[in-house]
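The block underneath contains the structure these notes are about, expressed in structure tokens.
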Amino acid sequence: MANLTGDFDVIAQFAVPAVNRILAAMHRTERFQHTLAMRVDDTSRPDREFELPTVVGVRDGFGDSVADHSSIRNPRPINLGDFLPDSAEGALASRFGAVANLDLGGFNIEPIQPSNLKGKAQVQLFPPTIELNDPTGGKITVRMELISRYIADLGSPPVAEFIRGDLRITAAINQVVSQSTNVVSIDVKGSTATVNFTPKWSNVPISAEDLMGINKLIRNALKTGFLPSSATLPSNIGHVQFKTFSGSNGAVAVLLDMAGPRGNPASANQKFLTGSDGFAFGIGADYLQSQLKPILDNLLAQQIPPFTVPFDFVFYTAHAPYVVILHRASIELHPGKIVLVIGGHANSSAVYAPNFNFVLKQNFTLAVSGSTAELVVGDFSISTDDLIANVFNFFGKLKPGFVGARDQALAQSNAQGTVRNMLDAEQNLGGFLRSLLTPAHPTQPAPPLNFSFTYTSAEIRESGIALHGMAGVPAWPPPRVESEPISSAPNPSGHPGLTGGIGAGPDLSAFKSWIPGGTVDRYEWHRQGAQGFSDANHFILFRQGPTLAPAAANFVQPVSAYTPMCLTVHGTRLTADGVVASEPVSATVCGYRSFPVGGVELAGGHAGLLIALSRRASNGMVEVVGHASPKSRTGAPAPNLVVHFTGDPGADTVARLIDAVRESGRTDAPTAILVVTKPGQISSLPFSENVAYTEDDASWRGRYDVKSNAPATLVLDPAGKVTWRSEGPLDSGELSAVLGKVLVKTAAESPAMLTARARIGQPAPNFLFEHAPGQVLPLSKLSGNPVVIVFFHGSSQPSLDAVRAMTRENRVVLAVGEGARAVDLSPAIVVQDRDGRIATAYGVTMWPTIVSVDERGITRGIAYGRPTAGEKSRV
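Set out below in structure tokens:
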């Protein structure tokens, strides 16, 4: 019968869903990039000393793709050989992957036909999947879904600014062997590789000519700027080749020659992967027998103890001595069992005792155990060529000696270890997959991602052994959700108007947001408690306020801030273990917009002023989730400010303040509203996104010399100077008239996002803390354990509540404190930040700011504000 694995020793067959799971894990480790910011120049450049790639990636000082399109500029070649040894510049260039002989980049690149596209590009790439449609079995098609933004230079074909579509690249998989390397390479640069981009959506129609240019640009980028994806083979594998099986139950076969000559893929034509398998591991009968030969040799070398066989005669019983010699042994495979066949000869010196030959058959089966299988000893049988031997119980006398010799041979030849190693999927394939799952980003060294092979059954055939199982990867980390302000740009054609009270503000980019191992289906931008704007094709929220009717042209909208602007990323990814299936995933991060408060930098002893971070409670009232210092004026234009001290707040106070600003008619004078209450009263006010709140009554009264506890209203100009004040109940009509006169014309207000400066994906800034009385430890020494850092302020009760909430999650919690209030936050470790240096290092502007640090000291998430009751950790 044909060998199960053809010419090959071992074959691993992977179902397409299992391969896609591994590719998703490679996306998670950033072997496949999730974002690319690029400078595109696919034009003829004969005047250059040497050809730069068609596209050149642009990264910031942390190695991340830049989110702001205005930061994508023309690159200059960075040749590592141009720097002095041990120079800081050379070390930085090396960190970002610079090479010493950049001019070799065009080595053996065939001439390209330029697309003449030139400009800036940002691309979000989602996990690749494979398609098996090559009848020869030697090529593979990789499909990647992507969202791109392209801003053409003047004079360059504009194409569409935003496109969502599928990129398919078909290329050969080759093994490249040299004296020092043995790698598997997917040659996307070869002349046989094909590229096909299919748009699914674009903000303007894409012509056939545009599509031809896009495909040409991608081909040229692959040829001039991308290295083939490769993986180094482990030393225990001599040769590896690939073959695909197409059809409804397609599979990718990894053909392994553990030793000996290279096999012919055409010989590997048995598909032993079943419909329920994630993968199957096949051992050919020939290779199995070669690996078990030491067991046979050891068994033949064993001495079977002599024994006697009684022969009953009429008047007495004679005992004939026998000596047993084993002279041949072999392994046979039968359906469901491995059979050890042993031939031997029994010889007796007694003249009445016959000499005879025998054949002993020992059965073995396999029991799966994790990623391997154990050899299970079964029953055995014996047959002889002599009738007398059978009559006189030769078998019963031989059995004890054979069992001892068998067990000794199995132990001395390490039969169990040989079988476990031979069938161990992790040992045979682990090095290869570990190479694939090793992070490739040079600025973030990390160990390879673990994976798991779990066998579910073992099948023994006459042609070999097939083990069936599932391939899994570790549980996926949460999505990385980031929103940051970027330079404003004209609203692109085809972008729909925003609805749902998003409000005016800076352009916001979710370019750096991604789902490790998953695809982003849509972005949802929303204020807390309000319907948001859902977008499947843009990662930018363009600055665009609600459209006003002509009759409302003089209708003034108060500047809003210190309320959450949230970004939710919705998507899907494959399950990490078990049966491969698609599962939904989403995550939300809320940031808080601020407006500059004029004169705060001159506050002196009142520098501890706080503004509440607020959101709408379930009853429609104000819920305080944290606090922030009012942002001082640092070059950005500050709005006018109406400050109202409530005294005993009435239910309509907030509405009357908003009406007064709206009816002032001063569209040229952006104005914000701040309502100041006594402690404990803020929750009795109705929530509005057009109002900022604080309950720090005494500090704010002291700042503006408001001495009584009665209601008071002040108007401040952009410099922070009080231009009007009134003590007593609020008169919205009077206030509206005053605002029409005293408001100062100023530049249009662009609220800025309050965010920390710590970088997700980068090492957390190190600091010292006292973990026990008199015992100081740096944060870096906590590597190996995930840590949550909660920045709290002694005057912010929500930040104290956040510390306690995090301690309930059984993680190490460091509570970094500002403010002199003494509180018990155990079991959190309280870190005194008396001069605010730790907060400055992290760029903390709000309390609480919750920073999640993984076991390697890398910042994995940043969240702001106290979690709501029952909410799972957002970091």
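To convert, note that position 201 of the sequence shown is 184 in the working numbering; the numbers rise steadily by one, no gaps. Where is the CB? At the ideal position from N, CA and C, for every residue including glycine.
Contact under 8 Å by Cβ, residue i with residue j
i, j, result
"M604", "L668", "yes"
"V583", "P613", "yes"
"V456", "A785", "no"
"P510", "T546", "The sequence as given places Arg at residue 510; Pro does not occur at that position. Yes, the Cβ-Cβ distance between R510 and T546 is below 8 Å."
"G554", "V572", "no"
"L797", "G574", "no"
"L316", "I(-6)", "no"
"L419", "R14", "yes"
"H52", "A263", "no"
Residue i - DSSP class collapsed to helix/strand/coil
i, result
"V725", "helix"
"Y270", "helix"
"F298", "coil"
"H52", "helix"
"T(-12)", "coil"
"P248", "helix"
"G486", "With a pLDDT of 44 at G486, under the threshold of 50, the modelled position of that residue is not reliable, and the figure given next carries that caveat. Here G486 sits in coil by DSSP."
"G603", "coil"
"Q527", "Residue confidence for Q527 is low, a pLDDT of 49 falling below 50, so the modelled location carries little weight and cannot support an answer."
"W683", "helix"
"I743", "coil"
"V292", "strand"
"R649", "coil"
"T895", "Because the chain is modelled from -16 through 858, residue 895 falls outside the range shown and cannot be assessed."
"N623", "strand"
"A720", "helix"
"E753", "strand"
"G196", "helix"
"V539", "coil"
Residue i - partner residues in DSSP beta bridges
i, result
"A356", "V351"
"F774", "V799, T832"
"T551", "E507, T571"
"R849", "Looking at the DSSP assignment, R849 forms no beta bridge with any residue, so it has no partner."
"R132", "Q105, F145"
"E710", "A695"
"E672", "Bridge partners of E672: none, in fact."
"G327", "L309, F341"
"P182", "G148"
"G455", "S435"
Buried versus exposed call for residue i [16 or more other C-beta atoms within 10 Å across all chains shown]
i, result
"K690", "exposed"
"D407", "buried"
"A747", "buried"
"F(-9)", "buried"
"G379", "exposed"
"N(-14)", "buried"
"E838", "exposed"
"S763", "exposed"
"Y506", "buried"
"D47", "buried"
"R740", "exposed"
"P499", "buried"
"S601", "exposed"
"R389", "buried"
"N673", "buried"
"R202", "buried"
First through last residue of the beta strand (DSSP E) which encompasses residue i
i, result
"G40", "38 to 40"
"I841", "Neither: I841 is in no beta strand (DSSP E) and is coded neither H nor E."
"T437", "435 to 444"
"Y676", "675 to 677"
"T18", "18 to 24"
"V806", "Note, V806: premise wrong, no beta strand (DSSP E); not H, not E."
"Q758", "758 to 761"
The alpha helix (DSSP H) enclosing residue i, as first and last residue numbers
i, result
"F377", "377 to 395"
"D642", "636 to 645"
"I5", "-1 to 11"
"N411", "408 to 419"
"R787", "780 to 790"
"R820", "820 to 825"
Cβ-heavy atom distance, residue i to the ligand ADP, below 7 Å
i, result
"D680", "Among the components modelled here there is no ligand, and therefore nothing to report on the ligand ADP."
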